[in-house]
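Everything below concerns the one structure shown next.
Number of protein chains: 2
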Amino acid sequence: MSHRVMAVAGLGSMGHGIALSLLSAGHTVYGADVNRDRVSRLVAAGGRDGTATVVSADIDTLVVVVLNAAQVEAVLFGAQGWVSRLKPGAVIIGSTTVAPDFARRMADQVEGAGLHYLDAPISGGAARAAEGRLSVMASGSPAAFAAAEPALAAIAETVHRLGDVAGTGSAMKAVNQLLAGVHIAAMGEALAFAVSQGLELGRVVKVISGSAGTSWMFENRAPHVVDGDYAPRSAVGIWPKDLGIVAEIAARAGLPVPMTETALARFRAAAEAGFGAEDDAAVTKIYAREGRLKLPGEP
Amino acid sequence: MSHRVMAVAGLGSMGHGIALSLLSAGHTVYGADVNRDRVSRLVAAGGRDGTATVVSADIDTLVVVVLNAAQVEAVLFGAQGWVSRLKPGAVIIGSTTVAPDFARRMADQVEGAGLHYLDAPISGGAARAAEGRLSVMASGSPAAFAAAEPALAAIAETVHRLGDVAGTGSAMKAVNQLLAGVHIAAMGEALAFAVSQGLELGRVVKVISGSAGTSWMFENRAPHVVDGDYAPRSAVGIWPKDLGIVAEIAARAGLPVPMTETALARFRAAAEAGFGAEDDAAVTKIYAREGRLKLPGEP
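Protein sequence lines correspond, in order, to chains A and B.
Residues 3 to 301 (this note's numbering) are what the first sequence spells out, left to right.
Residues 3 to 301 (this note's numbering) are what the second sequence spells out, left to right.
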């Protein structure tokens, strides 16, 4: 794989992990974030300062991993936005979870500026991001895929190639988030219900993990509740945004999504109760409060 | 394993499969059901007519697989109920999905009559029942477990031993049904959402099955929707009952269960729309109607 000059916009846990994977693959990696500490952390790890006033390199690949659609638009088209600073033919890999319509609009505008755009939401969490083992749900023009290839090879274990139109990747990610969010809320409801019936949670997790009631999220998150460990691997605060996107897209399509709406309300309640920065398994605490139940690790 | 004389009360798809497994293990098996055709079907397969007026054998094991708590009470304690007809020391294996309180009451009454009671809900479906590969979530006295051992060995691939008090098995089954029911409704919602976004369902099932949004139920049921095949492996009509039990238990414990309530409402809507006897994946059709979407196999 030839050496490339790349950049990552948004150096949260996912963006930092992606930058590390790109560095490990031998590429030059610039990092940008409004939080200077995050930029310093990347520079300490071998990256370069990607702040607009500093960068002067020929960057051919930009991975955008900021928090939401508004931030995507700002980093691409705002004052000192990346679109006006990338060299012709460069590719922008949009990995923020956004609505399919928004991804299509970004692709149109980016292509109009002579660049390529790959609609490429990611899943897998921060640990896998740092290991180059993400799952990418990607769609875009053949030229965008070709230009993005070196970056995808460095960050992804699996690339789902979902066609040549931007928006399909984001739609697939929305389907995944609908299920993942509902399953986490169901996990919390089921564990609280189990406690209310006097069941021992460790045993519940063992039995259910081998039964028809299991889910990937149950097996991944329920142990956090059993351990009373709410250090955020993925935070409660992600879900009002991601399920909000699903609900919004569904409403525009005229499709009622009551399971999504109910889970969304649970995560909003958890965030409002002060658990927004905790691991998303903390949605279980809302149930425990309402049912006056004691979870493991609580006084 | 020594030869035993056993009986199965309730010869629906699960009970018939259980009776076949007991026959395969070499036991004598009487079968009883209000539907005479079902009794004849078992007799044709090598079983015996377990109707009260016919039976005179020394039955030491009774597996109860009727539809609900009212039927359990009737077959055990009604006119010509089994409790008064079994020999002292016989075991009753209660495999109907019921509330934990009800299972405890049955155990008390059965033990008061000089018999053993094992609270032993099952999961796995009719095909696994006939293969002797069910999963059993069991609790009861050591004497009940010992007496039930030959039957459990014949019908179960996995026996979860959940302690010596009746009710724990039923509580664990309720946790499983909460999650399973919510996951099926979520599967329907996610597939309808995917259709609304123009995604190809076969591709969706493939991608999601390898992603964080997957569940056992998604992987098992979503292919039915892709194939447009709603022949009932497990029917919509099961869920208003099973999720109704969960909601009732939770209400008694003072725990709100909004995910369960939402899924319950979806299955009730599906049953009211005429899909009660179809495979439970048909909950997807409710979404398709509401969103005016076309599912595979529909005209």
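Ideal placement from N, C-alpha and C gives every residue a C-beta, glycine not left out.
By the beta-carbon neighbour count (other beta carbons within 10 angstroms, threshold 16), S58 of chain A is exposed. The beta carbon of L88 of chain A sits closer than 7 angstroms to the beta carbons of I61, L64, L117 from its chain, once the five residues preceding and following it are set aside; these are given in chain order. Between L181 of chain B and A182 of chain A a beta carbon distance of about 14 angstroms is seen, past the 8 angstroms cut, so the two are scored as non-contacting. Of all residues in the stretch 222-254 of chain A, only N222, V248, I251, A252 come within less than 8 angstroms of chain B when Cβ atoms are compared, listed by chain position.
Of the residues assessed, A72 of chain B falls on the exposed side of the cut-off, its CB having fewer than 16 other CB atoms within 10 angstroms. In this structure, the CA atom of V68 of chain A is about 17 angstroms from the CA atom of G246 of chain A.
Residues of the same chain with a CB within less than 8 angstroms of the CB of V112 of chain B, apart from the 5 flanking positions on each side, are L78, V85, I94, H118, Y119 in chain order. The C-beta of L181 of chain B comes closer than 7 angstroms to at least one C-beta of chain A.
Comparing alpha-carbon positions, the option among A:S15, A:R294, A:V74, A:A81 lying closest to E133 of chain A turns out to be A:S15.
Going by DSSP, L180 of chain B is part of the alpha helix (DSSP H) stretching over 170-198.
Neighbours of A173 of chain B across chain A, judged by C-beta separation under 8 angstroms: A196, Q199, G200, L201.
Under the Cβ distance rule, T286 of chain A does not count among the residues neighbouring chain B, no pair being separated by less than 7 angstroms. Contact note: L257 of chain A reaches chain B through A194, F195, S198, Y289, E292, G293, L295, using a C-beta cutoff of 8 angstroms and chain order. For V57 of chain B, the secondary structure class from DSSP, reduced to helix, strand or coil, is coil.
Across the stretch 71-100 of chain B, no CB contact with chain A closer than 7 angstroms is found for any residue.
Its chain contains H185 as the residues whose beta carbon lies nearer than 7 angstroms to that of S217 of chain B, once the 5 sequence neighbours on both sides are disregarded; these appear in chain order. Residue-level contact by beta carbon fails for T30 of chain B and chain A, as no gap is shorter than 7 angstroms.
By the beta-carbon neighbour count (other beta carbons within 10 angstroms, threshold 16), K175 of chain B is buried. DSSP assignment within the stretch 202-268 of chain A yields the following whole alpha helix (DSSP H) runs of 4 residues or more, N-terminal first: 203-211, 218-229, 240-254.
At a Cβ-Cβ threshold of 7 angstroms, V197 of chain B and L295 of chain B count as neighbours.
The beta carbon of R6 of chain B sits closer than 8 angstroms to those of H29, T30, D62, T63, P152, A153, all from its chain and outside the five residues before and after it, given in chain order. Contact check between the stretch 136-145 of chain A and the stretch 162-170 of chain A: three or more CB pairs, one atom from each, fall below 8 angstroms, which counts as touching. Per DSSP, reduced to three states, the secondary structure at V74 of chain B is helical. A distance below 7 angstroms separates the beta carbons of A283 of chain B and R223 of chain B. Excluding the 5 residues flanking it on each side, P225 of chain B has same chain C-beta neighbours closer than 7 angstroms at V207, in chain order.
S141 of chain B is outside the set of residues whose beta carbon lies under 7 angstroms from a beta carbon in chain A. With a threshold of 7 angstroms between beta carbons, V138 of chain B makes no contact with chain A.
Excluding sequence positions up to five before and after A273 of chain A, its CB lies within less than 7 angstroms of the CB of V238, G239, P242, all in the same chain and listed in chain order.
The beta carbon of S217 of chain B falls within 7 angstroms of a beta carbon belonging to chain A, placing the residue at that interface.
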